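Engineer:
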Amino acid sequence: MADVVAFAGAESIETLGGPRITIQLGKLDSNKPPKNPSYVDLSTTDGIVNGFVKAGLSEREVALIFGAIGSMEKIVAATKKDDDDMEEENEMGDVAVFIPSSFGAPQEIYGKRIGALDNSYFESVATALKKKTPVSSAAFQNDKVGGWAIKYAGNKGGFLRDLPEAYEKLMGLGASYTGGKMGNLLDKSAA
Numbered sequence: 001m002a003d004v005v006a007f008a009g010a011e012s013i014e015t016l017g018g019p020r021i022t023i024q025l026g027k028l029d030s031n032k033p034p035k036n037p038s039y040v041d042l043s044t045t046d047g048i049v050n051g052f053v054k055a056g057l058s059e060r061e062v063a064l065i066f067g068a069i070g071s072m073e074k075i076v077a078a079t080k081k082d083d084d085d086m087e088e089e090n091e092m093g094d095v096a097v098f099i100p101s102s103f104g105a106p107q108e109i110y111g112k113r114i115g116a117l118d119n120s121y122f123e124s125v126a127t128a129l130k131k132k133t134p135v136s137s138a139a140f141q142n143d144k145v146g147g148w149a150i151k152y153a154g155n156k157g158g159f160l161r162d163l164p165e166a167y168e169k170l171m172g173l174g175a176s177y178t179g180g181k182m183g184n185l186l187d188k189s190a191a
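If you count the sequence shown from 1, position 125 lands on 125 in the UniProt record's numbering, and the numbers rise without skipping.
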């Protein structure tokens, strides 16, 4: 199941116009909960960020993950408005289903990209932070995470360049592998 979640997230990012993210398959699913679960205080901004930091992510990576989620929500909301206008009924009263005759361009092998992931979400977060108005995600109210949001707002290529690394690190938290490249590397580093 862990591989399915990692692959689905990477594919979602790419489908919404983000970079292609290569994931390592072969993660083992845990059969039991962690021995010492640590509870995260989700009622405060610092509690949310500290939960991610305690898990092994940096504030920069927290900003990238929340920025990607915010950007993707923005694209999906815009796409839903377009989809509502496009539904047509066929002669049977059903909504017509389009079956493509080919897969299209190589970057569309799993379907067309439905958006363009960019740093515009960071720009709106940076504007809100500078005006001291509420932001859509509480994580950006943390000074360090908010600082990274402001940096990515002014750097168009930086967000898309750094997102794969943050996603790979998030998906690798607590993972153990069945073998292959990552499994061998992790086994050698533990010895």
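We treat Cβ as the ideally placed atom computed from N, Cα and C, and that holds for glycine. What you are looking at is a predicted structure, and each value in this text was computed from that prediction instead of being measured.
For my contact list, G67 and F159 are in at a C-beta cut-off of 8 Å; report their separation, rounded to the angstrom.
Structural biologist: Residue numbering aside, residue 67 sits at position 67 when the sequence shown is read from its first letter. Residue numbering aside, residue 159 sits at position 159 when the sequence shown is read from its first letter. With a Cβ gap of about 6 Å, G67 and F159 count as contacting.
Engineer: Assuming I13 contacts Y167 (C-beta within less than 8 Å), just tell me the rounded distance between them.
Structural biologist: As a working mapping, residue 13 is identified with position 13 in the sequence shown. As a working mapping, residue 167 is identified with position 167 in the sequence shown. Sure, about 7 Å apart at Cβ, within 8 Å.
Engineer: For K27, which of helix, strand or coil comes out of DSSP?
Structural biologist: Along the sequence shown, one-based indexing puts residue 27 at 27. Here K27 sits in strand by DSSP.
Engineer: For A153 versus N119, is the C-beta distance shorter than 8 Å?
Structural biologist: Mapped onto the sequence shown, residue 153 falls at position 153. Mapped onto the sequence shown, residue 119 falls at position 119. Yes, the pair counts as a contact, with Cβ atoms nearer than the cut-off.
Engineer: For G154, which of helix, strand or coil comes out of DSSP?
Structural biologist: Indexing the sequence shown from 1 puts residue 154 at position 154. In the structure shown, G154 sits in coil (DSSP, three-state: anything other than H, G, I, E or B).
Engineer: CA-CA distance, G146 and V4?
Structural biologist: Indexing the sequence shown from 1 puts residue 146 at position 146. Indexing the sequence shown from 1 puts residue 4 at position 4. Roughly 31 Å separates the two Cα atoms.
Engineer: Give every residue of the same chain whose Cβ lies closer than 6 Å to the Cβ of A191, excluding the five residues on either side of it in the sequence, and list them in chain order.
Structural biologist: Within the sequence shown, the letter at position 191 stands for residue 191. For A191, the predicted structure reports a pLDDT of 49, less than 50, and the residue's modelled location is therefore unreliable. The matter cannot be settled from this model.
Engineer: When the Cα atoms are used, what is the spatial distance from T79 to I65?
Structural biologist: Translated into positions along the sequence shown, residue 79 becomes position 79. Translated into positions along the sequence shown, residue 65 becomes position 65. Distance between the alpha carbons of T79 and I65 is about 21 Å.
Engineer: For the alpha helix (DSSP H) holding I48, just list the boundary residues, first then last.
Structural biologist: Counting from 1 along the sequence shown, the entry for residue 48 is found at position 48. 45-55 is the span of the alpha helix (DSSP H), which, as asked, contains I48.
Engineer: Are the CB atoms of I114 and L16 within a distance shorter than 8 Å?
Structural biologist: Your numbering for residue 16 matches position 16 in the sequence shown. Your numbering for residue 114 matches position 114 in the sequence shown. For L16 and I114, yes; Cβs fall inside 8 Å.
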